[in-house]
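J.: Start counting the sequence shown at 0; every next residue gets the next number (numbering that gives the first Met the number 0). For each residue, glycine too, the CB sits at the ideal point set by N, CA and C. One structure is given below, represented as structure tokens, and several questions about it will come after.
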Amino acid sequence: MAVRDPKTEQLRIEIYRRMTPQERMQIAAQLYEEGIANMRAAILDRHPNLSEQALKREMRRRLLPRTLFLQVEAHLKEHNRGL
């Protein structure tokens, strides 16, 4: 993790403290969506011919803990859905 300037970090903390919980949640949601988009782009950059179903599976594999990923995959296989 990058070392941050203490003055800049203090300013960041003060700004976040002045925000409403809704504003902080909106920022978190935006960061999450950007992260998902970046992950998707990185996978497709490395595997440009990946099908949509395989792409979604790889995204699940990267996002979920292994045990949960395996449970989700078993459920999808059982129900013949490739969400």
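Hey, quick one: how far does the alpha helix (DSSP H) through M58 stretch, first residue to last?
T.: For the purposes of this step, residue 58 is taken as the residue at position 59 of the sequence shown. Taken as a continuous stretch (DSSP letters only), the alpha helix (DSSP H) holding M58 covers 51–62.
J.: Have a look at R3 and I14 and give me their C-alpha separation to the nearest angstrom.
T.: As a position in the sequence shown, residue 3 is number 4, starting the count at 1. As a position in the sequence shown, residue 14 is number 15, starting the count at 1. If I take the Cα positions, the gap works out to 16 angstroms.
J.: What span of residues does the alpha helix (DSSP H) with N37 cover, start to end?
T.: Taking the sequence shown and counting its residues from 1, the one referred to as residue 37 is at position 38. Run containing N37: 20–45, per the alpha helix (DSSP H) assignment.
J.: With C-beta atoms as the reference, is R61 less than 8 angstroms away from V71?
T.: Mapped onto the sequence shown, residue 61 falls at position 62. Mapped onto the sequence shown, residue 71 falls at position 72. No. Outside cutoff.
J.: Could you give the distance in angstroms between the alpha-carbon of L69 and the alpha-carbon of I42?
T.: Taking the sequence shown and counting its residues from 1, the one referred to as residue 69 is at position 70. Taking the sequence shown and counting its residues from 1, the one referred to as residue 42 is at position 43. The alpha-carbon atoms of L69 and I42 are separated by roughly 20 angstroms.
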